Amino acid sequence: MQYLPTITENHHRELRTVLVVKNSEVKLSAVAGVLMKSPSDALVIGVGQGPDGPVLLNNPLTAKAAEALAESLSVLGITGAADQAHRLPGLPEAGASVLVLAGVGKLPAAKVPANALPAAKVPANTVPGNAPTKHTLSEEVLRRAAGSAVRQLAGLTTVTLALPTATLADVAAVAEGAALGAYSFTEYRSSNNGLKDPVKNVAIHTNLPADKALQKVLDRAALIGTAVNATRTLVNQPPSHLYPESFADAAKELSKGLPVKVTVWDEKRLEKEGFGGILGVGKGSTRQPRLVKVEYSPAKAKAKIALVGKGITFDTGGISIKPALGMGDMKSDMAGAAVVLNTVLALAGLGLPVKATAWLCIAENMPSGAAQRPADVLTMFGGKTVEVLNTDAEGRLVMADGIVAASQEFPDAIIDVATLTGAQLIALGDRTAGVMGADSVTGALKAAADRAGELVWPMPLPEELRPSLDSQVADIANIGERHGGMMTAAVFLREFVGKGKDGEQIPWAHIDIAGPSFNNGSPYGYNHKQGTGCTVRTLVAYAEDLVAASA
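Be aware that the sequence shown starts at 549, since it is given in the numbering used here, and climbs by one per residue.
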């Protein structure tokens, strides 16, 4: 994304930024046969950690070259640990000036994969190439190895990945990992000196037929990469440039060329229609809140889902202000809205027969003389009243409005995504999202996450937590028990889920991505620092599963 500044008039005459989207996705292709016919800057082959040392995975090198390389692994200090990428001078037959040995991590101790060459013990009957042999590498292992290698090879233009690809699912994992690894965020650098551009072209070496099925896999991987990377780019934006109005502009810009409809509620329409939660959170900022609805409505849809995303573009905590340490990371408090936006755009790009609507609940939570106060009472969209006991529990207020709005369209399921609680990190760490709600939805989301290679863990919603949300002056309070805070927040949101046409509560799930949405540590696998784009792949897989179940 690029931002072109223009001046807009308001009572502060502040600088407004207009978002322009630039496509810089990696180009994915498949190659087969002799490597010399498809030259590249680097050839990547896999190495795993076997019970007796490093193991060279099946690859397209000749048997002689593979044997010599396998015998040298230990001497070279190569272990096969995940995220390792050792560069060696290229072999003449490799068609590349650099040979990269990418670690895939530990292999089962009891059995070395049939598609591997043990170091210093190469079977005489080993067939070179990535023929369809049985192996034990999971799709996520392949995805991470490919993503890690491509991420670490930034600065090169073309890379060939020769990881084991016995099935289309293997190719899909390698391609998706490559698309996720080829990313950078340099929007605000005045110079690219010392920075390396992401890999632009990735060729996947496979002996699978070059047919429509293979091309479909590559196209899907590229589209998923685009959706996740667009989410990352939104999350990485500084709050000086991404605020409610510019976020709404970004949604419209990203939607161009896709069969979706975008509707934006400004502060006047929000007030007219009674969106008290969004307005209450946003009233402390000079940057007015927004509600954005993105609709994808294909003909003959097999299912209808609503996705609600928290879009707090910066969260100071409001009057209940946060500590200064770490506050800068609160630019990422809009990750949920970025996720649901790009999920719907991905579904539209894939042409899936699922009606999907994203509700982006966007505000900036600032302290000021106009900000909401602890003890204020808000009238939410739909009429329920909430006592605000803590203004730093603001995400659930904007989300409640969005959930009520989504309920009024009677979807088959509502899924909300939010960086909602610090309690999520305490319970599950910084790489695993928590999912709560109706068993039918949480179970389906867990299955989809497993297939997508994302970490999601179901959590309970004990009924004994609900009384802690009782208010003395309103229908409900916005905070309750300190212990179990992640689950208490979900119990609050459940109060706003409406009934379906059958009179029963609409199936609903809440995904708390407070930890996994933002990587403060070192890059790993296909994940870079800062925004990760987590949960987009899970939600796309969930929609695909709905289609498959209806077949």
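Where a beta carbon is used, it is the ideal one built from N, C-alpha and C, also for glycine. Note that this is a predicted model, so its numbers are computed, not measured.
**OP:** Using alpha carbons as the reference points, say which of V765, N777, D759 lies closest to P746.
**Re:** If you number the sequence shown from 1, residue 746 lands on position 198. P746 has its Cα closest to that of N777, out of V765, N777, D759.
Original post:
Cβ atoms of G824 and T939: under 9 Å apart, would you say?
Top reply: Mapped onto the sequence shown, residue 939 falls at position 391. Mapped onto the sequence shown, residue 824 falls at position 276. Contact flag unset, no.
**OP:** Tell me, to the nearest whole angstrom, how far the beta carbon of V652 is from that of V689; I am working on the premise that it is less than 8 Å.
**Re:** Along the sequence shown, read from residue 1 onward, the residue named residue 652 stands at position 104. Along the sequence shown, read from residue 1 onward, the residue named residue 689 stands at position 141. Rounded to the nearest angstrom, the Cβ distance from V652 to V689 is 5 Å, consistent with a contact under 8 Å.
Subject >> Contact the segment 578 to 590 vs the segment 627 to 644: 3+ CB pairs below 8 Å >> reply: yes
Original post:
CB-CB under 7 Å to P915, same chain, minus the five flanking residues each way: which ones, in chain order?
Top reply: Here residue 915 corresponds to residue number 367 of the sequence shown, with the count starting at 1. Excluding positions up to five away in sequence, the list reads G832, T864, G866, I867, I869.
Original post:
Among the residues of its own chain, which have a CB less than 6 Å from the CB of S696, if the five just before and after it don't count?
Top reply: Here residue 696 is taken as the residue at index 148 of the sequence shown, counted from 1. Only D631, G1073 meet the Cβ criterion.
Subject >> Cβ neighbours of D852 in the same chain (closer than 7 Å, five flanking residues each side left out) >> reply: Counting from 1 along the sequence shown, the entry for residue 852 is found at position 304. One detail in the question is off: residue 852 reads as Lys in this sequence, not Asp. K903, P959, D960, listed in sequence order.
Original post:
Looking at the unbroken alpha helix (DSSP H) that takes in D797, where does it start and where does it end?
Top reply: The residue given as residue 797 occupies position 249 in the sequence shown. From DSSP, the alpha helix (DSSP H) with D797 extends over 792 to 803.
Original post:
If you draw a straight line from the C-alpha of L1009 to the C-alpha of T1036, how long is it?
Top reply: Against the sequence shown, residue 1009 aligns to sequence position 461. Against the sequence shown, residue 1036 aligns to sequence position 488. Roughly 8 Å between the two C-alpha positions.
Original post:
Under a Cβ-count criterion, where at least 16 other Cβ atoms within 10 Å of its own Cβ denotes burial, should R921 be classed as buried or exposed?
Top reply: Here residue 921 corresponds to residue number 373 of the sequence shown, with the count starting at 1. Counting the other CB atoms within 10 Å of its CB gives R921 a total below 16, which places it among the exposed residues.
Subject >> M914 - DSSP class collapsed to helix/strand/coil >> reply: Your numbering for residue 914 matches position 366 in the sequence shown. M914: coil per DSSP, three-state reduction.
**OP:** Please state if the CB of G859 and the CB of C909 are separated by a distance shorter than 9 Å.
**Re:** Taking the sequence shown and counting its residues from 1, the one referred to as residue 909 is at position 361. Taking the sequence shown and counting its residues from 1, the one referred to as residue 859 is at position 311. Yes.
**OP:** Just the C-alpha distance for A727 and S577, rounded to the nearest angstrom, thanks.
**Re:** Along the sequence shown, read from residue 1 onward, the residue named residue 727 stands at position 179. Along the sequence shown, read from residue 1 onward, the residue named residue 577 stands at position 29. Roughly 11 Å between the two C-alpha positions.
Original post:
Terminal residues of the continuous beta strand (DSSP E) containing F862?
Top reply: As a working note, residue 862 is residue 314 in the sequence shown. Start and end: 851 to 863.
Original post:
Any idea what DSSP makes of M984, helix, strand or coil?
Top reply: Working through the sequence shown from its first residue, we reach residue 984 at position 436. Strand at M984.
Original post:
Thinking C-beta only, is S1019 closer than 9 Å to V934?
Top reply: What you label residue 934 is simply residue 386 of the sequence shown in a count that begins at 1. What you label residue 1019 is simply residue 471 of the sequence shown in a count that begins at 1. Cβ distance < 9 Å, so V934 and S1019 count as in contact.
**OP:** Drop a sphere of 10 angstroms on the beta-carbon of V808, count the other beta-carbons inside from all chains shown, and report buried for 16 or more, exposed for fewer.
**Re:** For the purposes of this step, residue 808 is identified with residue 260 of the sequence shown, where counting begins at 1. That one is buried.
**OP:** Could you check what DSSP says for N872 in three-state terms: helix, strand or coil?
**Re:** Along the sequence shown, one-based indexing puts residue 872 at 324. Note on residue identity: the sequence assigns Ala, not Asn, to residue 872. In this structure, A872 counts as coil in the three-state DSSP scheme.
Subject >> Which listed residue (V936, I772, A633) has its alpha carbon closest to that of V574 >> reply: Mapped onto the sequence shown, residue 574 falls at position 26. Comparing Cα-Cα distances from V574 to each of V936, I772, A633, the minimum goes to I772.
Original post:
How would you label R691, buried or exposed, when you count the other beta carbons within 10 angstroms and need 16 or more for buried?
Top reply: Translated into the one-based positions of the sequence shown, residue 691 becomes position 143. Classification of R691: buried, given that the 10 Å Cβ count is 16 or more.
Original post:
Which residues in the same chain as E1002 place their Cβ atom closer than 7 Å to its Cβ, once the five residues preceding and following it in sequence are excluded?
Top reply: Working through the sequence shown from its first residue, we reach residue 1002 at position 454. Excluding residues within five positions, the ones whose Cβ falls inside 7 Å are C1082, T1083, R1085, T1086.
Original post:
What span of residues does the alpha helix (DSSP H) with K1049 cover, start to end?
Top reply: Along the sequence shown, read from residue 1 onward, the residue named residue 1049 stands at position 501. Per DSSP, K1049 lies in no alpha helix (DSSP H) segment and is marked neither H nor E.
Subject >> Cβ pair A702, S732 closer than 9 Å >> reply: Counted from its first residue, the sequence shown places residue 702 at position 154. Counted from its first residue, the sequence shown places residue 732 at position 184. Taking the C-beta atoms as reference points, S732 is found nearer than 9 Å to A702.
Original post:
According to the Cβ coordinates, are G899 and A775 closer than 9 Å?
Top reply: Sequence index remark: in the sequence shown, residue 899 carries index 351 (1-based). Sequence index remark: in the sequence shown, residue 775 carries index 227 (1-based). Not a contact, by the Cβ cut-off of 9 Å.
Original post:
Mapping DSSP to helix, strand and coil, what is S1100?
Top reply: Outside the displayed range of the chain (549 to 1099) lies residue 1100, so it cannot be described from this structure.
Original post:
Going by DSSP, what residues sit across from E935 in a beta bridge?
Top reply: Position 387 of the sequence shown holds residue 935. BP columns for E935 point to V925, A1025.
Original post:
Count the other CB atoms within 10 Å of the CB of D877; is the residue buried (16 or more) or exposed (fewer)?
Top reply: To locate residue 877, count along the sequence shown from 1; it is residue 329. Answer is exposed; the Cβ neighbour count stays below 16.
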